[in-house]
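Have a look at the structure below, then the notes.
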Amino acid sequence: MEVSYDALRRVLLEERKGSGLQQLDDAFYSSYREHLRKLRAGANDARGIKAFDDMARCLKELSWLRLNKITLKALRDSQKNAMDGDGLASEEKGFYTDCVNIMQKFGECAECAPVERKRRLRACADIPAFASQDGSGLGPFRKGEILDVPEDAGSLLLKRALAEEI
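Written out as structure tokens, the structure is:
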């Protein structure tokens, strides 16, 4: 793998062009970090400082661009229950794996959330505003209006003959 400013610019331009992640060497970031350390140590004049700054800025932009793409890839893969970290640098693989695991756990929690049961009724009379057992306000409703109300409120309206099942 070539480690130079020109090579880094080519990688960045390819990453910007494509919607997917391009393949990187496993040691991509560690190689460029080492190269940046050498550049910093040798940055004794304006030209050396500029070379260091340009490469550091380019590497930072590439890493942020890839993090965005990796996050979207992790989201898609977590929904498919798949994990494919091929082509990612070693530092990115850990981030990708953590993202997929977190997103899958979140998805499991969302699937387990209780679904509020509702009843569909038709109002038999004008019904003033009232509060359901959970404290949420319902109504007012007009005679003949179709209602989607929580189970407990629907039972109460049916019991009092203020509404009928549809």
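Heads up: the sequence shown begins at 1384 in the numbering used here, then just goes up one per residue. We treat Cβ as the ideally placed atom computed from N, Cα and C, and that holds for glycine.
message: Can you tell me whether D1509 is helix, strand or coil according to DSSP?
response: Against the sequence shown, residue 1509 aligns to sequence position 126. Looking at D1509 - three-state DSSP - the assignment turns out to be coil, as it is neither helix nor strand.
- prompt: Taking Cβ to Cβ, would you say L1422 is nearer than 9 Å to M1438?
  reply: Here residue 1422 corresponds to residue number 39 of the sequence shown, with the count starting at 1. Here residue 1438 corresponds to residue number 55 of the sequence shown, with the count starting at 1. Result yes, Cβ atoms of L1422 and M1438 sit closer than 9 Å.
- prompt: Using DSSP with H/G/I as helix, E/B as strand and the rest coil, what is K1452?
  reply: Within the sequence shown, numbered from 1, the residue matching residue 1452 stands at position 69. Three-state DSSP puts K1452 in a helix.
query: Is the beta carbon of L1391 less than 9 Å from the beta carbon of L1471?
result: Sequence index remark: in the sequence shown, residue 1391 carries index 8 (1-based). Sequence index remark: in the sequence shown, residue 1471 carries index 88 (1-based). Against a cut-off of 9 Å, the Cβ pair of L1471 and L1391 comes out as no contact.
message: Quick check: C1507 and A1536, are their CB atoms within less than 9 Å of each other?
response: The residue given as residue 1507 occupies position 124 in the sequence shown. The residue given as residue 1536 occupies position 153 in the sequence shown. Against a cut-off of 9 Å, the Cβ pair of A1536 and C1507 comes out as no contact.
- prompt: What residue range is occupied by the uninterrupted beta strand (DSSP E) comprising D1531?
  reply: Taking the sequence shown and counting its residues from 1, the one referred to as residue 1531 is at position 148. Where D1531 is concerned, the enclosing beta strand (DSSP E) stretches over 1529-1533.
N- and C-terminal bounds of the alpha helix (DSSP H) containing A1324: One cannot answer for residue 1324 here, as it falls past the ends of the chain, which runs 1384 to 1549.
- prompt: Which first and last residues belong to the alpha helix (DSSP H) in which E1385 is found?
  reply: Position 2 of the sequence shown holds residue 1385. Per DSSP, E1385 belongs to no alpha helix (DSSP H) and is neither H nor E.
task: Check G1520 in the structure and name its three-state DSSP category.
output: The residue given as residue 1520 occupies position 137 in the sequence shown. G1520 falls in the strand class under three-state DSSP.
task: Would you please state the rounded distance, in angstroms, between the beta carbons of A1426 and I1432? I believe it to be under 8 Å.
output: Residue numbering aside, residue 1426 sits at position 43 when the sequence shown is read from its first letter. Residue numbering aside, residue 1432 sits at position 49 when the sequence shown is read from its first letter. Contact holds; Cβ gap of about 5 Å.
- prompt: In or out: K1463 buried (at least 16 other Cβ within 10 Å) or exposed?
  reply: On the sequence shown, position 80 is the one that residue 1463 refers to. Residue environment: K1463 is assigned as exposed (fewer than 16 neighbouring CB atoms within 10 Å of its CB, all protein chains considered).
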